[in-house]
Every structure is written in structure tokens, then in C-alpha cells.
Amino acid sequence: ARETSRIRLGTLVSSVTYRLPGLLAIQVAQVDQMSGGRVELGLGTGWFAAEHAAYGIPFPDKRFGLLEEQLEVVTGLWSTPVGERFTHAGRHYSLTDSPALPKPVQHGGVGGATGVPVIVGGQGPRRTPALAARFASEYNASFPEIADVPMLFGRVRAACEEIGRDPDSLMRSVALVMCVGADEAELTRRAAAIGREPAELREHGVAGTVSEAVDRLGELADAGVQRVYLQALDLADLDHLDLVAREVMPRLT
């Protein structure tokens with residue numbers, strides 16, 4: 037956070053099983069202060085049971101209640117006016133007379149409330165859109181079928197309208213695997229390095245030649261996508277990132 041000046045910082049998804057919400061609110065606020073207001077917080081229910089088992093972290097079957105309460109607590113702590121106290125008595129978490137400090141630098145909460153931008157993602161038909169409408173600055177469709185993106189965004193729009201929130205106040209994003217080559221041979225090599233087939237990557241991600249990647253990103257923009265998270269699976273292939281930065285990004289408008 038202190039060594040950079042422009043890049044946004046944070047997690048697309050931090051599982052609610054990893055941290056207590058009071059401590060999480062403090063940690064995120066402190067990093068937001070350190071970075072001059074560049075942090076974003078993505079929260080989700082978690083999915084990787086084996087990772088939890090490897091580190092001795094409980095992984096309950098039902099986690100949506102945890103997610104809803106964490107969102108209530110974290111955003112509640114941040115938005116509590118300085119000098120006032122925050123109390124929460126829930127099924128999973130209880131906070132009593134909290135000073136609700138420190139505060140983030142940003143006013144990125146819903147309606148401009150004090151807090152970093154919160155990202156809620158998923159493809160659930162009801163509860164995920166409802167949580168995004170209540171708490172999020174951004175809704176993320178994580179690794180969806182491309183054809184499903186308008187439907188997923190439509191659900192979130194309807195959830196916003198149901199509670200009287202302007203749907204256009206919620207940023208809409210997707211996360212997709214990226215695999216781009218300067219030519220077909222380079223694409224095939226990069227796909228093989230991550231154990232994937234070029235045809236499958238083309239169907240489900242931002243993949244192909246530079247022109248194909250630009251076209252796919254254009255399709256996503258036409259579907260209402262305002263932000264794209266591109267997942268590079270071969271972390272050692274820095275030439276891949278250089279290609280995208282040099283050849284793809286300048287062609288986006």
C-alpha cells in the first residue's frame with residue numbers, strides 16, 4: 037500500500053470464514069489510510085473446502101447468514117459517525133458499544149457513506165442480488181457463461197429497484213480467465229501451460245488472438261459490463277501481461 041500510488045488494492049473475494057468482521061473492518065480501514073484511499077473489499081461465502089481443512093478453519097454448510105451479518109457489521113462500523121458507538125446483536129456476531137474506529141479515507145459506501153467500495157459477487161438468483169443491492173458498490177459475476185451476463189445483471193437491477201435504489205449506482209463487473217497470444221501458436225502454448233484447451237478458453241473467457249480478446253471485451257461492454265477482472269493463471273508468464281498491456285489495452289475505448 038505504501039510502495040504504490042495508483043493501483044487499486046484489495047481482494048475480489050475474501051471468504052467470510054477467514055476473519056471476524058470487527059477485525060476485518062479495522063484492517064481494511066488501516067490499509068485504506070496507508071494507501072490514501074485505494075482499497076476495495078470483496079466479500080463472499082467461500083467455496084474451497086480443502087483450503088479450510090488444510091488450515092483448520094471451520095467451513096459450515098450454511099454461510100449466507102455469515103455473509104449478510106459481516107456486511108452489516110463492516111459497513112455499520114465504517115458508517116457510524118465519529119464519536120458515536122456501534123452495537124450489533126446478531127445470530128453469528130455480537131458487538132457492544134464499539135467505538136467504530138478507525139475509519140477508511142474513502143466515501144465509497146452505498147449513497148456515499150464512509151467506507152471502501154464493497155464488492156458482492158455470485159450467480160445466485162435471489163439472495164446474492166439482494167445483498168448486492170443493499171450493501172455493495174459493485175456486483176461481480178464471477179466466471180459466468182458469457183450468454184448469462186445480461187440475465188445476472190438483470191436480477192441485480194431488479195433487486196435494486198425493489199428497495200428503491202438506483203440500479204445505475206451499482207457498478208457491474210465480471211471475472212474471467214484470460215489467455216491471449218500474439219498468434220495461434222503462442223495461444224496454444226499458453227493454454228497448454230495451464231492445462232486448458234484453446235477452444236474452451238475462447239468459449240468461456242477472454243482468450244484468443246489480440247483481436248479476439250478486444251472483440252470479446254467489446255461484447256462484454258455491450259452486455260453492460262463496466263469492469264473486467266482478468267485472471268492470468270500462469271503467474272510466471274510476465275510476457276503474457278506485457279502483451280495484453282501493450283496490444284490489447286490501447287485498443288479499448
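In my numbering, the protein residues as written are 37 to 289. Note that beta-carbon positions come from the ideal geometry of N, C-alpha and C, so glycine has one too. This one's a predicted model, so the numbers in the text were calculated from it and none came from an experiment.
- DSSP places M214 inside the beta strand (DSSP E), whose first and last residues are M207 to G217.
- By the C-beta criterion, the region 135-142 is judged not to be in contact with the region 164-178, since fewer than 3 inter-stretch pairs fall below 8 Å.
- Segment contact: the region 109-125 against the region 83-91, fewer than three CB-CB distances shorter than 8 Å; contact not assigned.
- Rounded to whole angstroms, the Cβ separation of R127 and E76 is 27 Å, and the two are not in contact under 8 Å.
- The bridge partners DSSP lists for Y175 are V156 and R208.
- Proximity to G101 across V52, L206, Q142 and A169 peaks at V52, based on C-alpha coordinates.
- S41 counts as exposed, since fewer than 16 other C-beta atoms from the protein chains shown sit within 10 angstroms of its C-beta.
- Taking all protein chains in view, the Cβ of I230 is surrounded by fewer than 16 other Cβ atoms within 10 Å, so the residue is classified as exposed.
- When the five nearest sequence neighbours on each side are left out, the beta carbons in the same chain lying within less than 6 Å of the beta carbon of H143 are those of T150, in order along the chain.
- Of the candidates G58, A61, L60 and G73, G73 places its Cα closest to the Cα of A37.
- Here T289 is exposed, its C-beta having fewer than 16 other C-beta atoms within 10 Å.
- Assigned with DSSP and collapsed to three states, V264 falls in strand.
- As the crow flies, the alpha-carbon of D251 is around 15 Å from that of G260.
- A buried status is given to S209, since no fewer than 16 other beta-carbon atoms sit within 10 Å of its beta-carbon.
- Shown here, E120 sits in coil according to DSSP, grouped into three states, outside any helix or strand.
- Taking 3 residues as the shortest admissible run, the region 222-288 contains the following complete beta strand (DSSP E) segments, listed from N- to C-terminal end: 242-245 and 263-267.
- A direct Cα-to-Cα measurement between R238 and V284 gives close to 16 Å.
- Annotation: A61 to Q106 spans about 9 Å, alpha carbon to alpha carbon.
- Ranked by Cα distance from A228, the first of E197, A211 and D270 is D270.
- Around the beta-carbon of E220, fewer than 16 other beta-carbon atoms lie within 10 Å, marking it exposed.
- Nearest to L223 by alpha-carbon distance, out of M214, G244, A211 and V213, is G244.
- Between M207 and S173, the gap from beta carbon to beta carbon is short of 8 Å.
- Judged by DSSP secondary structure, T111 falls within the alpha helix (DSSP H) whose first and last residues are F100 to S115.
- When R225, Y54 and L48 are compared, the shortest CA-CA separation from R99 is found for Y54.
- DSSP lists G151 as the beta-bridge partner residues of H143.
- A distance below 7 Å between beta-carbons, with the five flanking residues on each side excluded, links L188 to the following residues of its chain, in chain order: Q159, A177 and P180.
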